[in-house]
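Participant: The following block contains the structure, expressed as structure tokens.
Protein chains: 2
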Amino acid sequence: MENSLEMIELELAILIRRITSASGNKKIGHLDRSAYLILHQIATNGAAGVKSLAGEFQLDISTVSRQAAALEHKGYLYKIPDPTDGRAYTFQITELGLKELRDDKRARMDRVAEVTKNWPEEDREVFGRLLRKFNHGAISS
Amino acid sequence: MENSLEMIELELAILIRRITSASGNKKIGHLDRSAYLILHQIATNGAAGVKSLAGEFQLDISTVSRQAAALEHKGYLYKIPDPTDGRAYTFQITELGLKELRDDKRARMDRVAEVTKNWPEEDREVFGRLLRKFNHGAISS
DNA sequence: ACTATATGTTTGTATTATACAACTAATTTA
DNA sequence: TAAATTAGTTGTATAATACAAACATATAGT
Numbered sequence: 683m684e685n686s687l688e689m690i691e692l693e694l695a696i697l698i699r700r701i702t703s704a705s706g707n708k709k710i711g712h713l714d715r716s717a718y719l720i721l722h723q724i725a726t727n728g729a730a731g732v733k734s735l736a737g738e739f740q741l742d743i744s745t746v747s748r749q750a751a752a753l754e755h756k757g758y759l760y761k762i763p764d765p766t767d768g769r770a771y772t773f774q775i776t777e778l779g780l781k782e783l784r785d786d787k788r789a790r791m792d793r794v795a796e797v798t799k800n801w802p803e804e805d806r807e808v809f810g811r812l813l814r815k816f817n818h819g820a821i822s823s
Numbered sequence: 683m684e685n686s687l688e689m690i691e692l693e694l695a696i697l698i699r700r701i702t703s704a705s706g707n708k709k710i711g712h713l714d715r716s717a718y719l720i721l722h723q724i725a726t727n728g729a730a731g732v733k734s735l736a737g738e739f740q741l742d743i744s745t746v747s748r749q750a751a752a753l754e755h756k757g758y759l760y761k762i763p764d765p766t767d768g769r770a771y772t773f774q775i776t777e778l779g780l781k782e783l784r785d786d787k788r789a790r791m792d793r794v795a796e797v798t799k800n801w802p803e804e805d806r807e808v809f810g811r812l813l814r815k816f817n818h819g820a821i822s823s
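Chains as they are written, first to last, in my numbering: chain A, 683 to 823; chain B, 683 to 823.
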């Protein structure tokens, strides 16, 4: 148990360091990670406002507000006023946004495929499952 | 295969987003992730110069130079001039640095333990192993 | 040996993602 | 209706990073 914890924590630190080194961090296609996740979230779960998105990603509302505004500016999202609350908006994804999301996801998947190209398929499945499980419990700090 | 790739890439993006959200990103004990990895690397593999550390972490040399200087300033590292090359130094870890590293590692392991507290031990072992395997192939981009 | 080139490191500058705080407008509550 | 709360935006500060310039030393070519 101590050993597996030690390996997980070290490898997580290395993973984060590598993936977020600015060289690899930035856009994969046209989307940086935040943009990608926002588009993915909206494409998957429907229109959402900055507050709910910020909660989802554990980011400050102001951060998401700027990111969403940037995506709107690029034509990937558009704002829908909330008819029941004059302060509130939701963002919905555009056709262009969907296209960018698809292209970006494909590029990201290709990178994962490259890194895991010699893995048995079972390892890929287990890795995905455990990452998901970890994320679901990972709101610790 | 498509499915597992899709899950891995999405969960990786989520993991990075969560772990690097500034709330959880920062220092765990006294060390941020870069500092932790530098101390860990030196403690494990011996004294090293900024060039080799930068290569190890895929960071720019200038970035590591500043990080190492900060760790030296705090008394966690000290500089050893390379006797065969008047330009070069290596950094070695101090007793204080070792203590910080131990404390920090303990705190990081505790966080992992918390997140995985309901996992069967086998899942922890497999997760650690797959993370390591992924990292070893992960210098793609 | 001398000059030109290359190398290891540090320092200057710009960018970017983020948080926190101040602000605006609209809604809810007392 | 006045006060408090809420959704969102904008201003400001911080930190990690890369890239470029500078510096000191080493190496190579002649």
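The C-beta atom is built at its ideal place from N, Cα and C for all residues, glycine as well.
How would you call Arg784 (chain A), buried or exposed, if buried means at least 16 neighbouring beta carbons within 10 angstroms?
Facilitator: Here residue 784 (chain A) corresponds to residue number 102 of the first sequence, with the count starting at 1. Result: exposed.
Participant: Please state whether DSSP places Ala729 (chain A) in a helix, a strand or coil.
Facilitator: As a position in the first sequence, residue 729 (chain A) is number 47, starting the count at 1. Three-state DSSP puts Ala729 (chain A) in coil, outside helix and strand.
Participant: Give me the Cα-Cα distance between Tyr771 (chain A) and Arg769 (chain B), rounded to the nearest whole angstrom.
Facilitator: Here residue 771 (chain A) refers to the residue found at position 89 when the first sequence is read from its first residue. Here residue 769 (chain B) refers to the residue found at position 87 when the second sequence is read from its first residue. When rounded, the distance between both Cα atoms is 58 angstroms.
Participant: Short of 7 angstroms in beta carbon distance, which residues of its chain neighbour Ala729 (chain A), apart from the five on each side in sequence? Order them along the chain.
Facilitator: As a first step, residue 729 (chain A) is located in the first sequence; it is residue number 47 there, counting from the start. Excluding residues within five positions, the ones whose Cβ falls inside 7 angstroms are Ile762, Thr772, Phe773, Gln774.
Participant: What whole-angstrom Cβ distance do Ile743 (chain B) and Ala736 (chain B) have, given they're in contact under 8 angstroms?
Facilitator: In the second sequence, counting from the first residue as 1, residue 743 (chain B) sits at position 61. In the second sequence, counting from the first residue as 1, residue 736 (chain B) sits at position 54. Confirmed, about 4 angstroms.
Participant: Closer than 8 angstroms by beta-carbon distance: list the chain A residues that pair up with Gly711 (chain B), in chain order.
Facilitator: For the purposes of this step, residue 711 (chain B) is identified with residue 29 of the second sequence, where counting begins at 1. Simply none; closest approach about 12 angstroms.
Participant: Report the three-state DSSP secondary structure of Gln740 (chain A) (helix, strand or coil).
Facilitator: The residue given as residue 740 (chain A) occupies position 58 in the first sequence. Gln740 (chain A) falls in the coil class under three-state DSSP.
Participant: Using a Cβ-Cβ cut-off of less than 9 angstroms, list which residues of the segment 759 to 788 of chain A approach chain B; keep chain order.
Facilitator: Result list: Lys787.
Participant: Is Lys799 (chain B) helix, strand or coil when you go by DSSP?
Facilitator: Within the second sequence, residue 799 (chain B) is the residue found at index 117, counting from 1. It is coil, neither helix nor strand.
Participant: Please report the distance separating the alpha-carbon of Tyr760 (chain B) from that of Thr776 (chain B).
Facilitator: Along the second sequence, read from residue 1 onward, the residue named residue 760 (chain B) stands at position 78. Along the second sequence, read from residue 1 onward, the residue named residue 776 (chain B) stands at position 94. Approximately 7 angstroms between the Cα atoms of the pair.
Participant: Quick check for students: name the residue ranges of the beta strand (DSSP E) that lie wholly in the segment 741 to 767 of chain B, counting only runs of 3 or more.
Facilitator: Whole beta strand (DSSP E) segments, 3+ residues: 759 to 763.
Participant: For a contact meaning CB atoms closer than 8 angstroms, what does Arg715 (chain A) contact in chain B?
Facilitator: Stepping through the first sequence from its first residue, residue 715 (chain A) is reached at position 33. Those within 8 angstroms of Arg715 (chain A) in chain B are Ala695, Ile698, Arg699.
Participant: Against Ser686 (chain B), what residues of chain A qualify as contacts under a CB-to-CB distance less than 8 angstroms, listed in chain order?
Facilitator: Position 4 of the second sequence, counting from 1, holds the residue named residue 686 (chain B). Ordered by position in chain A, the residues that pass the 8 angstroms Cβ test against Ser686 (chain B) are Glu803, Arg806, Glu807, Phe809, Gly810.
Participant: Apply the 10 Å Cβ neighbour rule to Arg715 (chain B) and answer buried if 16 or more other Cβ atoms are within range, or exposed otherwise.
Facilitator: Position 33 of the second sequence, counted from the first residue, corresponds to residue 715 (chain B). Buried, because 16 or more other Cβ atoms sit within 10 Å of the Cβ of Arg715 (chain B).
Participant: Please confirm if Ala730 (chain A) has its CB atom under 8 angstroms from at least one CB of chain B.
Facilitator: Along the first sequence, read from residue 1 onward, the residue named residue 730 (chain A) stands at position 48. Answer no: the Cβ-Cβ gap between Ala730 (chain A) and chain B never drops below 8 angstroms.
Participant: Is there a C-beta anywhere in chain B that falls below 8 angstroms from the one on Asn817 (chain A)?
Facilitator: Position 135 of the first sequence, counted from the start, is the residue given in the question as residue 817 (chain A). So, interface residue.
Participant: Can you tell me where the beta strand (DSSP E) with Thr772 (chain B) in it begins and where it stops?
Facilitator: Stepping through the second sequence from its first residue, residue 772 (chain B) is reached at position 90. First-last of the beta strand (DSSP E) with Thr772 (chain B): 771 to 775.
Participant: Where does Gly810 (chain B) fall in DSSP's three states?
Facilitator: Here residue 810 (chain B) refers to the residue found at position 128 of the second sequence. It is helical.
Participant: For the alpha helix (DSSP H) that contains Met689 (chain B), what are its first and last residues?
Facilitator: Position 7 of the second sequence holds residue 689 (chain B). Looking at the DSSP string, the run of the alpha helix (DSSP H) that includes Met689 (chain B) is 684 to 702.
Participant: How about Glu691 (chain A): is its C-beta nearer than 8 angstroms to some C-beta of chain B?
Facilitator: Within the first sequence, numbered from 1, the residue matching residue 691 (chain A) stands at position 9. With 8 angstroms as the cut-off, Glu691 (chain A) counts as an interface residue toward chain B.
Participant: If we ignore side chains and look at the alpha-carbon of each, how far apart do Gln740 (chain B) and Arg700 (chain A) end up?
Facilitator: Sequence index remark: in the second sequence, residue 740 (chain B) carries index 58 (1-based). Sequence index remark: in the first sequence, residue 700 (chain A) carries index 18 (1-based). Roughly 7 angstroms between the two C-alpha positions.
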